[in-house]
Amino acid sequence: MSGDILTEVRGVAADVFAVDAKTLNAASSPEQVAAWDSVQHLNLVLALEGKYGIQFEPEEMEGMKNLGDIAALLRTKIAAN
Amino acid sequence: MGDSGLRHEIDELLATEQWQKAGRQLRLLWEREGGAPLAGYVVAGFEKIGHHLESTAHRCVILRSFTVEPIVPALKACAYTSGINLAVHVGEFNAYAQELLDGGSRLYAFQPDTVILAVQTRDVAPELWRGAATAESIDRVTAQFDGWITAFRARCAANLIMHSLEAPAAASQGVYDSQLEENQAAAIHLVNQNLRRLARRHQGIYVLDYDALVARHGREQWGDERKWLTVRLPIAANNLIHMAREWMRYLAPLAGKVAKAIAVDLDNTLWGGIIGEDGMAGIQVGTEHPGAAYQALQRVLLDLSQRGILLAVCSKNNPQDALEALAQHPGMLLRPEHFAALRINWNEKAQNLREIAEELNIGLDSIAFLDDNPVERQHVREQAPEVMVLELPGDPAQYARAVRDCPAFERLVLSEEDRQRGKYYAAERQRAALEQSVATREDFLRSLEQEAEIRPVHAMTLARVAQLTQKTNQFNVTTKRYTEQQIAEMSRCPGWQVLSIQVRDRYADNGLVGVAIVHDRGEVSEIDTFLLSCRVIGRSVETALLAFLANQARTRGARRLEGWFLPTKKNAPAKDFYREHGFTMLSETPAGQLWGLELTAELPYPEWVRLVTAAAEKA
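Those protein sequence lines, which keep their order, are chains U and L.
Quick note: the first sequence uses the working numbering, first residue 250, plus one each step.
Quick note: the second sequence uses the working numbering, first residue 2, plus one each step.
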């Protein structure tokens, strides 16, 4: 997997939340991003699962605190694939 | 992700407020790579454009027994690209039954145009899902739906789309199930058959074949058991878009976003190769590869024609070469007589499409355009932005599917007129030939031997009358849209008359082509609706129908006939209708003009229309 995963996650999140990717960074979290509610969290997870062909565990879905967390989790899952 | 060039262009267009162009490119982006992950971006783009782009507002409630929220953005994106601004309200999780039954629920307060009842077998009929079906359980499930439908219809005139029940991927009794005469899948199909029967008893209630949708995408692939168990989302992430598109196939016709005609290119679209270079022997169309892909497309176009969608040719070619191939190539399924209009020349396609629209008497926005050449598609998008340009994949084997899956060609109701429409237009070509051979216009009208039959609406004509109020844009004085349900209610109301007019002539039975609704208020009889299909306009049928309304109103004791003309972008053909028939303008408001005619004497009927009327029977 080439490219910076965090940048890709920011791009996917920007589409899902309908915001500019430039406004998002590793520390962006549901508390900071107005659009990031539980429905959009599910949409984000679904978009990432579709893009990378992986599945998150329910516990992992609940444990995602910010975009940096998600990118790190994705890196380990892609490496394990 | 994906086409980043196009996305940059869209961002730039939005930033510089080039709304029309931004809308066009958003539509293109969605057609090329639409999917749930892109939906948020596309919806946000269309929301920025807002009212700068013309769209039809439609209100939709989704009642559900599972998580549908991740499908909603994709549904809205599909709707926006079809010209529909969809407001969506999602009902509470698993509260669909109480919302349907309780007249005070949020469902009814939302005042929806359309309600989707998205339920699954395992929720509404758990015993069928487990495979423990009995005749009683089939009856119970059917009765449950019957109760919901009846309650809904008593409270609301909106359309209702019900999901049919899906069979599980694996029967609960394994291969033994296949040995039983009445097995699990058969029980579920029996319920679905009952649902279709229930739906047909009412107006505006439709069945969405969820079982077929799941089967089409593969029962094992459709679902995601883990997402079902954790977040109650039974549909796998990459199938969410298919659910949204299936809903769209119902919402497009319900919102009136339909194509009445499709104009097709010839070279490399209707056949493989270029007739002007390859000749009759060189072009590819037939039962074998590579011609089979083009024949498959022709079969789909034939299906559309059976649905009442007119076919037209729009091709840059020498007419002789192209017509010879159309008429004589042995592999062709479509022949010249299947086409209502032909434009085979070297003119620009946008110009040809305008001429086709004019010849067929339909708006440019009712025409879809099919062309393999992306340059021609882009030209039409820019020069005739009203036209629905279908985006085609590179592989000709996918052409048939691209046309078949386009929601603008879906119909939920098919009248006899729809099935016969192609023939009406063939007859119209003969009439045009006669008109040129007859000396005066009066001689021409007399030679048509027209007969007009005016009757109050009844059960057999209800669907067509409602359809005409939904679809007629040009000769329509008030452009009021009514559902079957509303037409039925109006016709039962004292003081209201809902009339239909059917027109025959020496060439064809034109079918039911006009509607008039009048409402008596003491000395005034007011025309609520007066519309005629464009294919009979200018032949005095409109005069005959108006005279009938006036004379009937006079018989009922009215002193004056009044009617509004409410201008729209499209109804200019009806603008001078009242003035030309002796009405005077009574008042004028920003919405339109009120016209009136004193009913002092019987109005004469045009001598070249023979009138057949049925006594106004009222229930």
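Positions of the beta carbon are idealized from the N, C-alpha and C atoms, including for glycine.
Q | Three CB pairs or more closer than 8 Å across the segment 189-198 of chain L and the segment 137-157 of chain L | A | yes
Q | Rounded Cβ spacing between L:Trp-596 and L:Leu-587 (contact assumed at less than 8 Å) | A | 7 Å
Q | Test: L:Ile-70 CB closer than 9 Å to a CB of chain U | A | The residue you asked about is not Ile; residue 70 of chain L is Glu in the sequence shown. Yes, L:Glu-70 counts as interfacial toward chain U.
Q: Look at the alpha carbon of L:Leu-361 and the alpha carbon of L:Glu-452, and state the distance between them as a whole number of angstroms.
A: 22 Å
Q. Hey, is L:Asp-521 close to the ligand SAM, as in C-beta under 8 Å from one of its heavy atoms?
A. No copy of the ligand SAM appears in this structure; indeed no ligand is present at all.
Q. For the 8 Å Cβ check, are there 3 or more pairs between the segment 388-400 of chain L and the segment 500-514 of chain L?
A. no
Q.
Which residues in chain A have a C-beta closer than 9 Å to the C-beta of U:Asn-292? List them in chain order.
A. Absent from the structure is chain A; the protein chains it does hold are U and L.
Q: For U:Ala-316, decide whether its Cβ has a neighbour in chain L, counting only Cβ atoms nearer than 9 Å.
A: Residue identity check: residue 316 of chain U is Leu in the sequence provided, not Ala. No, no contact with chain L.
Q | Span separating the alpha-carbon of L:Ala-620 from that of L:His-459 | A | Residue placement at L:Ala-620 is flagged as unreliable, the pLDDT there being 33, under the threshold of 50; a coordinate-derived value is accordingly withheld.
Q.
When you compare the CB of U:Leu-295 with every CB in chain L, is at least one pair closer than 9 Å?
A. yes
Q. Shorter than 9 Å from the beta carbon of L:Val-381 to some beta carbon of chain U?
A. no
Q | Reduced DSSP secondary structure (H/G/I, E/B, other) of L:Met-244 | A | helix
Q) Listing by chain order, which chain L residues have their CB less than 9 Å from the CB of U:Pro-307? A) Arg-227, Leu-230, Thr-231, Val-232
(Q) Does U:Asp-286 pass the burial test, meaning 16 or more other C-beta atoms within 10 Å, or should it be called exposed? (A) exposed
Q. In chain U, which residues lie less than 9 Å from L:Val-44 when you measure between Cβ atoms?
A. Ala-267
Q) Around the C-beta of L:His-288, are 16 or more other C-beta atoms found within 10 angstroms, so that it is buried, or is it exposed? A) The displayed chain sequence assigns Thr, not His, to residue 288 of chain L. With fewer than 16 Cβ atoms within 10 Å of its Cβ, L:Thr-288 is classed as exposed.
Q. Where L:Val-277 and L:Asn-318 are concerned, what is the direct C-alpha to C-alpha distance, given to the nearest angstrom?
A. In the sequence under discussion, the amino acid at residue 277 of chain L is Gly, which differs from the Val named in the question. Approximately 7 Å, taken between the alpha carbons.
Q.
Taking 9 Å as the threshold (C-beta atoms), are L:Asn-239 and L:Ala-409 in contact?
A. no
(Q) I'd like the span of the alpha helix (DSSP H) that includes L:Glu-137, first residue to last. (A) 136-156
Q. Sorted by chain position, which residues of the same chain lie with C-beta nearer than 7 Å to L:Leu-241's C-beta, five sequence neighbours on each side aside?
A. Ala-37, Pro-71, Ile-72, Ala-75
Q: Taking only beta carbons into account, state which residues of the segment 236-253 of chain L come closer than 8 Å to chain U, listed in chain order.
A: Ala-238, Asn-239, Leu-241
Q: Helix, strand or coil for L:Lys-472, going by three-state DSSP, please let me know.
A: helix
Q: Determine the direct distance from the alpha carbon of U:Val-294 to that of U:Leu-316, and round the result to whole angstroms.
A: 11 Å
Q: Could you tell me which chain L residues have their CB closer than 7 Å to the CB of U:Gly-312, listed as they occur along the chain?
A: Residues of chain L passing the Cβ test: none, with the nearest at roughly 14 Å.
Q) Quick one: which chain L residues come within Cβ less than 7 Å of U:Glu-337? A) For chain U, the structure presents residues 250 to 330; residue 337 of chain U sits outside this window and is missing.
Q: Compare the C-beta of U:Gln-281 with all C-beta atoms of chain L and state if any pair is closer than 9 Å.
A: no
Q. From what residue to what residue does the beta strand (DSSP E) around L:Ile-276 run?
A. Element bounds for L:Ile-276: not the beta strand (DSSP E) but the alpha helix (DSSP H), 276-283.
Q. Is there a Cβ from chain L that is less than 9 Å from the Cβ of U:Val-258?
A. no
Q. With 16 as the cutoff for other CB atoms within 10 Å, does L:Ser-66 come out buried or exposed?
A. buried
Q. Which bits of chain L does U:Asp-253 rub up against, with CB to CB less than 9 Å?
A. Residues of chain L passing the Cβ test: none, with the nearest at roughly 14 Å.
Q. For the beta strand (DSSP E) that L:Ser-501 lies in, which residues bound it at each end?
A. 497-505
**Q.** Pairwise C-alpha distance: U:Lys-300 and L:Gly-35
**A.** 13 Å
(Q) My assumption, with CB atoms under 8 Å, is that L:Leu-305 sits in contact with L:Tyr-251. Please give the rounded CB distance. (A) Incorrect: roughly 17 Å between the Cβ atoms, too far for contact.
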